[in-house]
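J.: Note that the numbering used here has the sequence shown beginning at 43, numbered continuously upward.
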Amino acid sequence: MQEFQRKPLARAISAALAGSALMTAAVAPALAQEEPRGKVLEEIVVTAQKRTENLQDVPVSVQVLGNTQLEQLNINGFEDYIEFLPTVSYTSGGPGYGILYMRGISSGGDGVHSGSMPSVGVYLDEQPVTTINQVLDVHIYDIARIETLAGPQGTLFGQGSQAGTLRIITNEPVLEEFQSSYDIGVDTVKSGDMGYTLEGMVNLPISDRAALRLVGWRESQGGYIDNIPGTINYAASGIVVDNAALVEDNFNDVVTTGARAQLKIDLNDRWTVTPGLMYQEQQSNGIWAHDPEDFGDLNVVRFFKEAQDEDWLQAALTIDGELTDKLNLVYAVSHLDRNVDSTNDYSGYSEYMEELYAGYGYDCYKYDALGGCADPSQYINNDEKFSRLSHEVRLQSTGEGRFNWIVGAFSQKQVHNFDLQWIAPDTNPADSVIENGHTVWQTYQVRTDRDEAFFGQASFDFNQQFTFTAGIRHFKYDNSLYGF
43 MQEFQRKPLA
53 RAISAALAGS
63 ALMTAAVAPA
73 LAQEEPRGKV
83 LEEIVVTAQK
93 RTENLQDVPV
103 SVQVLGNTQL
113 EQLNINGFED
123 YIEFLPTVSY
133 TSGGPGYGIL
143 YMRGISSGGD
153 GVHSGSMPSV
163 GVYLDEQPVT
173 TINQVLDVHI
183 YDIARIETLA
193 GPQGTLFGQG
203 SQAGTLRIIT
213 NEPVLEEFQS
223 SYDIGVDTVK
233 SGDMGYTLEG
243 MVNLPISDRA
253 ALRLVGWRES
263 QGGYIDNIPG
273 TINYAASGIV
283 VDNAALVEDN
293 FNDVVTTGAR
303 AQLKIDLNDR
313 WTVTPGLMYQ
323 EQQSNGIWAH
333 DPEDFGDLNV
343 VRFFKEAQDE
353 DWLQAALTID
363 GELTDKLNLV
373 YAVSHLDRNV
383 DSTNDYSGYS
393 EYMEELYAGY
403 GYDCYKYDAL
413 GGCADPSQYI
423 NNDEKFSRLS
433 HEVRLQSTGE
443 GRFNWIVGAF
453 SQKQVHNFDL
463 QWIAPDTNPA
473 DSVIENGHTV
483 WQTYQVRTDR
493 DEAFFGQASF
503 DFNQQFTFTA
513 GIRHFKYDNS
523 LYGF
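1. In terms of DSSP beta bridges, what is Phe460 paired with?
2. Based on the DSSP secondary-structure assignment, which residues constitute the bridge partners of Ser439?
3. What's the call for Ala41, buried or exposed, on a 16-neighbour Cβ count within 10 Å?
4. Rank Phe345, Trp447, Ile210 and Glu477 by C-alpha distance to the C-alpha of Ile514 and give the top, closest one.
5. Report buried or exposed for Glu397, applying the criterion of at least 16 other Cβ atoms within 10 angstroms of its Cβ.
6. If I measure Cβ to Cβ from Ala301 and keep anything under 6 Å in the same chain, skipping five residues before and after, which residues do I get?
7. Just checking my contact of Leu369 with Ser432 at CB under 8 Å: how many whole Å lie between their CB atoms?
8. Here's the rule I'm using: 16 or more other beta-carbon atoms within 10 Å means buried, otherwise exposed. How should Val475 be labelled?
9. Between Arg187 and Gly108, is the Cβ-Cβ spacing less than 8 Å?
10. Ordered along the chain, which non-local residues of its own chain (more than five positions away) have a Cβ less than 7 Å from that of Asn423?
11. Beta carbon of Ala252, beta carbon of Val216: below 8 Å?
12. For Asp512, count neighbouring C-beta atoms within 10 Å of its own C-beta (all shown protein chains included) and say buried if the count is 16 or more, exposed if not.
13. Once you ignore the five residues that flank Ala357 on each side, which residues in its own chain have a CB closer than 7 Å to its CB?
14. Can you tell me whether Leu238 is helix, strand or coil according to DSSP?
15. Looking at the strands, I want to know which residues DSSP matches up with Asn118.
16. Taking Gln454 and Ser429 to be in contact with their CB atoms under 8 Å, please state how far apart those CB atoms are, rounded to whole angstroms.
17. Apart from the five residues just before and just after Pro137, which ones in its own chain have a Cβ nearer than 6 Å to its Cβ?
18. Between the region 390 to 404 and the region 333 to 340, can you find at least three pairs of beta-carbon atoms closer than 8 Å?
19. With 16 as the cutoff for other CB atoms within 10 Å, does Glu442 come out buried or exposed?
20. What residue does the alpha helix (DSSP H) around Ser398 start on, and which one ends it?
21. May I have the straight-line CA-CA distance separating Asp284 from Ser389, to the nearest angstrom?
22. So the candidates are His181, Pro160 and Asp410; which of them puts its Cα closest to the Cα of Thr1?
23. Could you tell me the alpha carbon to alpha carbon distance between Ala192 and Thr298, rounded to whole angstroms?
24. When you compare each of Glu219, Asp387 and Trp313 to Pro418 by their alpha carbons, which one comes out closest?
25. Looking only at its chain, what residues have a beta carbon closer than 6 Å to the beta carbon of Phe346, apart from the 5 residues adjacent to it on each side?
26. Roughly how many angstroms lie between the CA atoms of Tyr524 and Lys427, to the nearest whole one?
27. Following the continuous alpha helix (DSSP H) through Phe337, name the residue where it begins and the one where it ends.
28. Ends of the beta strand (DSSP E) at Ser323?
29. Taking just the CA atoms, how far does Gly227 sit from Leu142?
30. Just the C-alpha distance for Ser233 and Ile329, rounded to the nearest angstrom, thanks.
31. What residue range does the beta strand (DSSP E) around Asn275 cover?
32. Assuming Gly237 and Gln263 form a contact by the criterion Cβ under 8 Å, report the distance between their Cβ atoms to the nearest whole angstrom.
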C-alpha cells in the first residue's frame, strides 16, 4: 500500500526568530563550566485529581504531553497527539469522525447516534465535551498540556469516563505581562497536495488584576486521495452513469479555522473569575476511505460531491476561590453548540438494489416523474445539531497536608438532533417521503441525555510511597430518544 505522510517543508519565520536564541545557547555551556554540574528536572504540573499537583506526587496513572512537547512534535490536532499517548488508540473516518479507545473501549459508544453512551470522557479545561459518536477535534495551539487518565475514572470524572479520561488544558491569561507568539508553517503530503498553518497568540494585561488572552489559527491540509473515472451500469434499468464531472486528484482537503478568547480577573487575593469563548469551523471535501483491491492505492470512484461543514462554539466560566486558608471552592459552567452538515455518496447501495431487483425480473428500481426508469443514484445528507449545558461545583482541601479531600456535584443536559435523508435526484417527487423533494428515505431523531451526580474522594499520605484513597459517586442518568 502506498504511504502518505504530512511533512514540514519550512517554518521560515519561526526558524529566523530562533536563530539568535541558538547563538546564545551555544556560548552558555562555556560560561557555565565553572558551575557545579547537575541536572535540573522540570516540574510537570497536572490537575488529574482536580487540584494542581506535581505529576510525581499524583498516585494515579497519568500520561502528559506538555506545552514544550506539543510544540516540538508539531502537533496540531486529534490524530497528531493520539500517536504519542500509548494507552490511547483511535479509529478515524475523516475530520470530525474520530473515535477514541482506552482499555479497548471507545469514546463514542458504537458510533451510532442512538447507540450507547461513551466510555471515554473528553474534557476541555474544566468542561466535558464528550459527544455521542464523534470526538471534538480541537486545534492544538497555545495549549498547556494534554492529560490522559486510565480508567475507570468514575469518582471525579464520572461523565463517560469508565475507560478513561482525556483532558485538553489551555494556557490561561497571564497577569501584568505582555506576551505574543505566532507560527507560520508549510507542509506537504506524499503523493498529495501542499498545506499550510497560520497560528497566533497575544496576551494583553488590562490592569494589575486582569488580562485577556487571544488565540487564532487557520490550517489547510492537502488531499491525497484521487477520485478516478468510473461508471455504474445499473442491472435492472440498464442506465449507465459516470462521474466524469467529479474526477479530481487529491480531492480530500480540509480547512480548519478557529479562535479562542479568555479573560482572567483576580477579584482579590483569594478569588479568580475566568470566562472564555472558543469557536472552530472545519470544512472538508472528499472521503477518507478507499479500497485498494478495487481501484488501487488511494483511489476511489464517487458519483456525488462529498463534503462536510462542522462548526462549534463553547462558552465557559470558571470561578475559583479560597473560602479559608485550607478550603477552596470551584464552580465551572459551560455551554457547547455543535453543528454538522455533511453529504456522502450512496450510489453503491443503489447498484446493489438494482442487481437485486433484476434478479426478481423487475425493469426498474426507482421511477421518474414520467413513469420511466429513473437513475437511482443517491446520496445521504446529514444535518446534526448538538448542544450541552453542564455545571460542576466542588469544595476541596488545598492539598497541602497529608490528608486531602474533595466533594462536589455535577449536572448536565445534552440534546442531539439529527436528520438523515437519502436523496435520489432523478426520482419522482411524488414518491418522496418529504413534500416536493427527492428523498427516498429519512430518519429524524432527537436524543436527550440528562446527568446528575454527587461525588466525594479522600486520600491520606502514609509516606512518600504509599497513599490510601477512597471515593464514592452517586449518579443518575435520564435518557430519552424519539423520532423515526
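For each residue, glycine too, the CB sits at the ideal point set by N, CA and C. If you're wondering where the values come from, they're calculated on a predicted model, not measured in any experiment.
T.: Based on what the coordinates show:
1. Position 418 of the sequence shown, counted from the first residue, corresponds to residue 460. DSSP output for Phe460 lists Glu426 and Gln487 as bridge partner(s).
2. Position 397 of the sequence shown holds residue 439. Beta-bridge analysis with DSSP links Ser439 to Leu369.
3. Given a span of 43 to 526 for the chain in the structure shown, any question on residue 41 remains unanswerable.
4. As a position in the sequence shown, residue 514 is number 472, starting the count at 1. Closest by alpha carbon: Trp447.
5. Reading the sequence shown from its first residue, position 355 is the one you call residue 397. With fewer than 16 Cβ atoms within 10 Å of its Cβ, Glu397 is classed as exposed.
6. To locate residue 301, count along the sequence shown from 1; it is residue 259. Cβ within range, chain order: Gly258 and Tyr321.
7. Here the question's residue 369 lines up with position 327 in the sequence shown. Here the question's residue 432 lines up with position 390 in the sequence shown. Their Cβ separation, rounded to whole angstroms, is 24 Å, which puts Leu369 and Ser432 out of contact at 8 Å.
8. Reading the sequence shown from its first residue, position 433 is the one you call residue 475. Exposed is the call here.
9. Counting from 1 along the sequence shown, the entry for residue 187 is found at position 145. Counting from 1 along the sequence shown, the entry for residue 108 is found at position 66. By the CB criterion at 8 Å, Arg187 and Gly108 fall inside the cutoff.
10. By one-based count along the sequence shown, residue 423 stands at place 381. The residues are Thr385, Gln463 and Ile465.
11. Here residue 252 corresponds to residue number 210 of the sequence shown, with the count starting at 1. Here residue 216 corresponds to residue number 174 of the sequence shown, with the count starting at 1. Not in contact: Ala252 and Val216 (Cβ atoms no closer than 8 Å).
12. Mapped onto the sequence shown, residue 512 falls at position 470. The question names Asp, but residue 512 is Ala in the sequence shown. Here Ala512 is exposed, its C-beta having fewer than 16 other C-beta atoms within 10 Å.
13. For the purposes of this step, residue 357 is identified with residue 315 of the sequence shown, where counting begins at 1. Hits under 7 Å: Leu319, Ser376 and His377.
14. Looking up residue 238 in the sequence shown gives position 196. Going by the sequence as given, residue 238 is Tyr instead of Leu. Here Tyr238 sits in strand by DSSP.
15. Indexing the sequence shown from 1 puts residue 118 at position 76. Answer by DSSP bridge pairing: none, since Asn118 is not bridged.
16. The sequence position of residue 454 within the sequence shown is 412, counting from 1. The sequence position of residue 429 within the sequence shown is 387, counting from 1. Not quite, the Cβ-Cβ distance comes to about 11 Å (not below 8 Å), so this is no contact.
17. Translated into positions along the sequence shown, residue 137 becomes position 95. Contacts found: Val296, Gln324 and Ser326.
18. Contact annotation: the region 333 to 340 does not touch the region 390 to 404, with fewer than three C-beta pairs closer than 8 Å.
19. The residue labelled residue 442 in the question sits at position 400 within the sequence shown. With fewer than 16 other Cβ atoms within 10 Å, it is exposed.
20. Here residue 398 refers to the residue found at position 356 of the sequence shown. The sequence shown places Leu at residue 398, not Ser. Residue range Ser389 to Gly401 is occupied by the alpha helix (DSSP H) that includes Leu398.
21. The residue labelled residue 284 in the question sits at position 242 within the sequence shown. The residue labelled residue 389 in the question sits at position 347 within the sequence shown. Going by the C-alpha atoms only, they are around 11 Å apart.
22. No answer is possible for residue 1: it lies beyond the span of the chain, which begins at 43 and ends at 526.
23. Along the sequence shown, one-based indexing puts residue 192 at 150. Along the sequence shown, one-based indexing puts residue 298 at 256. Approximately 30 Å, taken between the alpha carbons.
24. Reading the sequence shown from its first residue, position 376 is the one you call residue 418. Ranking the options by Cα distance to Pro418, first place goes to Asp387.
25. Position 304 of the sequence shown, counted from the start, is the residue given in the question as residue 346. Correct list, in chain order: Asp387 and Tyr421.
26. If you number the sequence shown from 1, residue 524 lands on position 482. If you number the sequence shown from 1, residue 427 lands on position 385. Taking the straight line joining both Cα atoms gives about 15 Å.
27. Here residue 337 is taken as the residue at index 295 of the sequence shown, counted from 1. Its alpha helix (DSSP H) spans residues Pro334 to Phe337.
28. One-based indexing of the sequence shown puts residue 323 at position 281. In the sequence as presented, Ser is not what sits at residue 323; that position holds Glu. Taken as a continuous stretch (DSSP letters only), the beta strand (DSSP E) holding Glu323 covers Trp313 to Asn327.
29. By 1-based counting over the sequence shown, the position of residue 142 is 100. By 1-based counting over the sequence shown, the position of residue 227 is 185. When rounded, the separation of the alpha-carbon atoms in Leu142 and Gly227 is 28 Å.
30. Here residue 233 refers to the residue found at position 191 of the sequence shown. Here residue 329 refers to the residue found at position 287 of the sequence shown. Going by the C-alpha atoms only, they are around 16 Å apart.
31. In the sequence shown, residue 275 corresponds to position 233, counting from 1. Residue range Thr273 to Asn275 is occupied by the beta strand (DSSP E) that includes Asn275.
32. The residue labelled residue 237 in the question sits at position 195 within the sequence shown. The residue labelled residue 263 in the question sits at position 221 within the sequence shown. Rounded, the Cβ-Cβ distance is 5 Å, consistent with contact.
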